């Protein structure tokens, strides 16, 4: 285990009707609120009206709406402008990862002279201060509700890049599983794939002796596998939605990744897909993950894949570890197929034309060629992309 | 899953030499520090000198030493007096659960008019303010380094009682596994038994659909089982000590217990043993746990015990769940025996003379007779105590 610095200070108010605490929560920070959200789903669900009912009278609400599924830099800049104009005290991010990520960039952007893209692209530019963020989560997916990470897309440069700061970790997150009842099938499975991928990325790592982190990841993976089919079949099943929601927060708040070195593999590859084609992040991850697994399976990694099969899919470990490992990879693929995920790139509108360019960018924008679980060259990434053009055969 | 409010804001600085950050950490809170510790072990290990070397020049250090293994109310009162006299800004608790628990009571006691026993015994007396606490952990056991709970013993009334407040959650905890290298065998196994018991207490619970919490608990239980024998055989094995240390914090910071109703079973029973006989808490828990398991195994609980056997001990689940459940209970007992725990009450100096009185007190001081996993009457507790007089036979 490597040294680490763990800090997940978000106060999570979990469960039905926790929104009743919203006035008290926001009051700690001030009376002018930036209400950040995406499209009309929070209006259709009644959440938007509920917020106004609870805080509308005593609070000045400024709205930043229309935040994109892959939030854009120009929306961040618009939010920063609003916060400065109206002297906003606190950001209330209502939505999923996109809305929360955008809010984080706004929160930090308010105190940054110049373009927020600076602190996203330049590690030398440090975030010194940020507005407090409170979130109301409406989809279980990114875990952004309990960490300091955010990913922003620059449409001009076609770049989709992340930044991280402890100052933008949400102060309070209201996690009411009933708000995810109306999440459509496609987004539910994309969300589950995203949670699962965060766990996979942290689990397949070369650092030895991280049994605490791995045991937590295994438990959360089993949870996602167990409850996703129920959530897809019965969207209003509270227990399924609750377990998926809580798993989303814990999958990426440091618990499963702290104390490990190296960088992730599938996320950098997927970020190019959604930067170029604006596809749903979780779907891109689901498509890439089993191909990546197949590509990196070798004598060094087979033991971990067999353990994954044993702990997560309850497989008996065969004397020939490759048998268990391959079965685990097949089950991973089959899981996504069973959920209904479109499991090839053409099904999400991606053909072979830009694969090479994206492979180059994936390696250029990350350290996967040197620090991934199994280092991936441009050729490796291209192979994984190419293998994603057609269904897998086992 | 029940509604819950999760908040584990402790910033954990984990790993070798993290103590170098101590000056910066303490500086946030002020220049007068109450250094709280137990006996001479931190002097023998060099930790005491290291602290003075790092902060001795710039900081005024007031010492509260001699904190007992089961910290006493009069020591708390002494600490409060010191803090008031010297206008202490921050408490640096160096040690294990006893030192940290005592520090929590001192931290809150400073701002409480009257005897600290008030807020420990009377739920109506709320803690309004507390001094900030920074900890340097020297034994993996109670998890006190990352939560707001504390247990204090009143020698006069023979009561050992807990209190809880978010205001006394440590701000920063330095977790350097090398500080646990010198923990003696007896305390190492007692610590592991304590961690294991926290997980057991949360795991055996009637609330349905808590797979997230249970998956985490299962992973942490496997970690304790896997690394404790190594830590006992090779006390300076960093990886074993690291995993046990991190497991201790996560076992009791809310992750495995939040979202569940009811109260614990073995802790209330053990608290009487250590209140009356001053035995080591973890050892008392190890003795009681398998007897409690045997006592509460029935048609309602057998499925959970079988799952426990499957997930934690890798048992195949038999069609007759009782077979798996009983094997799991046996393995739990055998585990403690293998560690070297004295597994009967007489071995720790407890005979039958006060069992009835303690059984009455255990029920009197807790809600185990109504809200435990399987409610336990005075007769039940007495049975479990009595069964603990002799070795278990399977």
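Protein chains in written order, with UniProt numbering: chain A, 1 to 394; chain B, 1 to 394.
The beta-carbon is built from N, C-alpha and C at its ideal position, and this holds for glycine as well.
Since the model is a prediction, treat every value here as computed from it, not as a measurement.
Asked	Found
Cross-chain neighbours of residue 308 of chain A in chain B, by beta carbon under 8 Å	Those within 8 Å of residue 308 of chain A in chain B number zero; the least Cβ separation is about 13 Å.
Touching by the beta-carbon criterion (3+ pairs, under 8 Å), the segment 253-268 of chain B and the segment 345-355 of chain B	no
Top-ranked residue by Cα proximity to residue 329 of chain A, from A:345, A:302, A:344, A:346	A:302
Euclidean distance between Cα positions of residue 22 of chain B and residue 54 of chain B	7 Å
C-beta neighbour in chain B for residue 299 of chain A, strict 8 Å	no
Contact check, residue 295 of chain B vs residue 251 of chain B, beta carbons under 8 Å	no
Stretch pair the segment 43-58 of chain B + the segment 277-293 of chain B: three plus CB contacts closer than 8 Å	no
Where residue 252 of chain B meets chain A, residues with beta-carbon distance less than 8 Å	In chain order: nothing, as chain A lies at least about 14 Å away.
C-beta atoms of residue 36 of chain A and residue 94 of chain A nearer than 8 Å	yes
Within-8 Å CB hit, residue 454 of chain B to chain A	Examination of residue 454 of chain B is not possible in this model, given that chain B is present from 1 through 394 alone.
Touch test, the segment 12-26 of chain B against the segment 173-184 of chain B, Cβ-Cβ under 8 Å, three pairs minimum	yes
Proximal chain A residues relative to residue 246 of chain B, where beta-carbon distance stays under 7 Å	212
Chain A within 8 Å of residue 16 of chain B, Cβ atoms only	yes
CB contact flag (residue 216 of chain B, residue 10 of chain B, <8 Å)	no
Local Cβ density within 10 Å of residue 159 of chain B, reported as buried at 16 or more and exposed below that	buried
Residue 374 of chain A Cβ short of 7 Å to the ligand SAM heavy atom set	For the structure depicted, the ligand SAM is absent and the ligand set is empty, with no information on it obtainable.
Beta carbon proximity, residue 198 of chain B to chain A, threshold 8 Å	no
Candidates A:139, A:59, A:152, A:331: closest to residue 41 of chain A by CA position	A:139
Member of B:244, B:153, B:5 whose CA lies at the smallest distance from the CA of residue 18 of chain A	B:5
Residue 340 of chain A classed as buried or exposed, judged by whether at least 16 other C-beta atoms fall within 10 angstroms	exposed
In chain order, each beta strand (DSSP E) run of at least 3 residues that lies wholly inside the segment 172-224 of chain A	172-175
4-residue-minimum alpha helix (DSSP H) runs that sit fully inside the segment 51-112 of chain A, ordered along the chain	73-86, 97-109
Partner residues on chain B for residue 327 of chain A, Cβ-Cβ distance less than 7 Å	The contacting residues do not exist; residue 327 of chain A stays about 18 Å from chain B at best.
Cα-Cα separation between residue 318 of chain B and residue 324 of chain B, rounded to whole angstroms	6 Å
Proximity below 8 Å, CB of residue 102 of chain A to CB of residue 59 of chain A	no
Chain-ordered chain B contacts of residue 1 of chain A [CB-CB under 9 Å]	14, 15, 177, 238, 239, 242, 243, 246
Cutoff 7 Å; reference residue 194 of chain A; Cβ partners in own chain excluding five residues on either side	141, 142, 281, 282, 285
Residue-chain proximity (residue 111 of chain A, chain B), Cβ-Cβ < 8 Å	no
8 Å Cβ cut-off: residues of chain B touching residue 303 of chain A	Near residue 303 of chain A there are no residues of chain B at all, since even the closest Cβ is about 16 Å away, more than 8 Å.
Residue range of the beta strand (DSSP E) that includes residue 159 of chain B	159-164
Short CB-CB distance (under 8 Å) between residue 290 of chain A and chain B	no
N- and C-terminal bounds of the beta strand (DSSP E) containing residue 404 of chain B	One cannot answer for residue 404 of chain B here, as it falls past the ends of chain B, which runs 1 to 394.
For residue 258 of chain A, three-class secondary structure by DSSP	coil
Beta-carbon proximity check, residue 389 of chain B vs residue 356 of chain B, cutoff 8 Å	no
Where residue 52 of chain A meets chain B, residues with beta-carbon distance less than 9 Å	What residue 52 of chain A touches in chain B: nothing, since even the nearest Cβ is about 24 Å away.
The segment 68-81 of chain B: positions lying closer than 9 Å to chain A by Cβ	none
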